[in-house]
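All the letters of the sequence shown, read from the start, carry residue numbers 586 to 889 under our numbering.
Built from N, CA and C at the ideal position, the CB exists for glycine as well.
The structure displayed is predicted, hence computed values, not measured ones.
Structure record follows, encoded as structure tokens.
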Amino acid sequence: MARVLILDSVDRSLAAELESHGISVSDLAKAEPAAVEAALPEAEGIVVRSRTQVTAAMIGQARRLRVIGRAGAGTDNIDKDAAHARGIEVLTVPGGNDRAVAELVLTFLFAFSRQLVPAVDASRRGEWAKSKLGGFELGGETLGIIGLGKIGKTLAELAQGLDLEILGFDPFVDPSEWTTPKVAKCALPDLLERSRFVSVHVPLAPATRGLLGAEELARMRPEAYLIQCARGGVVDEDALADALEGGRLAGAGLDVFSTEPKIPPRLAQNPRVLATPHIGASTEQAQTKIARLLAGSLVRFLQG
Ligand code: MLT
């Protein structure tokens with residue numbers, strides 16, 4: 586009987602679906618590292634989200650491993666070279682969390698435009714801070730989307746419904762070929778200079794590491810906000826902290842960090858930052874969809 590280890594928290598329906606096909610499942614998402622190490626040599630499949638780093642050493646320990654199921658889109662936490670060298674398949678679920686991530690981006694936009702967090706904080710302190718809490722409407726503002734894959738496109742669709750003007754940068758996608766949403770393609774410097782909100786939606790790869798560094802951030806308007814719900818490492822976090830501390834950027838909504846599961850203190854404690862612990866894909870709907878799709882792929886793979 587094929588044995589699959591679940592190493593990160595995923596929807597329970599994934600295990601149930603595998604078991605209904607006769608696949609034995611051990612949920613080790615909350616187990617101590619020693620228990621995971623002990624189970625690895627017998628595993629034919631492992632399932633991870635973004636928390637577990639699937640290293641070459643781990644792959645080496647899993648002598649019978651045939652497949653790595655990534656309950657999500659990115660594979661930057663998996664040593665793919667080590668996996669492919671052993672002929673181990675890496676299965677992902679592109680598209681499972683598009684809506685969830687796009688909605689989190691909009692949550693940041695609304696929170697910044699209406700000073701939601703300062704307003705709630707003041708109310709909790711017993712203050713009536715109405716006179717300090719003027720906001721602005723999103724309609725007519727410009728949203729620049731870097732990366733026009735599935736998530737970038739979903740965000741553009743939702744943003745269009747809010748009457749945001751949408752700029753897009755992606756060397757591989759021409760949004761003029763889309764019937765909807767309407768996205769004006771432009772060069773990265775132009776997008777950075779014109780947008781009130783800039784949202785990043787590219788995978789982490791050698792070409793995108795540090796894509797937004799000091800030079801790029803300096804192009805943004807002082808009243809602009811950066812939203813980063815893609816992958817830690819795409820934005821230079823020190824340069825971002827410098828820009829925020831120097832008042833050269835109005836704020837940043839950050840869900841992903843190069844230091845996960847820690848948030849750099851300069852960012853976490855900056856009042857201009859709204860930081861969340863990589864919850865972009867953590868909606869009921871995304872997680873059940875991802876579980877269903879990944880279970881289907883794993884069953885097909887393991888049962889030939
Ligand atoms: C994804 O790649 O879809 C997410 O980062 C998965 C996660 O939330 O861990």
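- Under the three-state reduction of DSSP output, G719 falls in the coil class, being neither helix nor strand.
- Using a 10 angstroms sphere on the CB of T660, the tally of other CB atoms reaches 16 or more, which defines it as buried.
- Relative to the ligand MLT, the beta carbon of R634 is positioned inside 7 Å of a heavy atom.
- One alpha carbon belongs to L852, the other to F886, and they sit about 42 Å apart.
- Across the set P807, L829, G831 and L796, the C-alpha of L796 shows the shortest separation from the C-alpha of G817.
- A707 has its Cβ no nearer than 7 Å to any heavy atom of the ligand MLT.
- Between R857 and G831, the CB-CB gap reaches or exceeds 8 Å.
- One alpha carbon belongs to L834, the other to E778, and they sit about 12 Å apart.
- Annotated three-state conformation of V686 is helix, per DSSP.
- The beta carbon of N662 sits closer than 6 Å to those of S635 and Q638, all from its chain and outside the five residues before and after it, given in chain order.
- Sequence-distant Cβ neighbours of L811 in its own chain, meaning closer than 6 Å and more than five residues away, are V783 and A837.
- Comparing alpha carbon positions, the residue from R781, L592 and L599 closest to S882 is L599.
- Per DSSP, the continuous alpha helix (DSSP H) segment holding Q872 begins and ends at E869 to L887.
- According to DSSP, Q813 shares a beta bridge with V785 and L839.
- When the five nearest sequence neighbours on each side are left out, the beta carbons in the same chain lying within less than 7 Å of the beta carbon of A668 are those of I644, I653 and V675, in order along the chain.
- By the CB criterion at 8 Å, V595 and A687 fall outside the cutoff.
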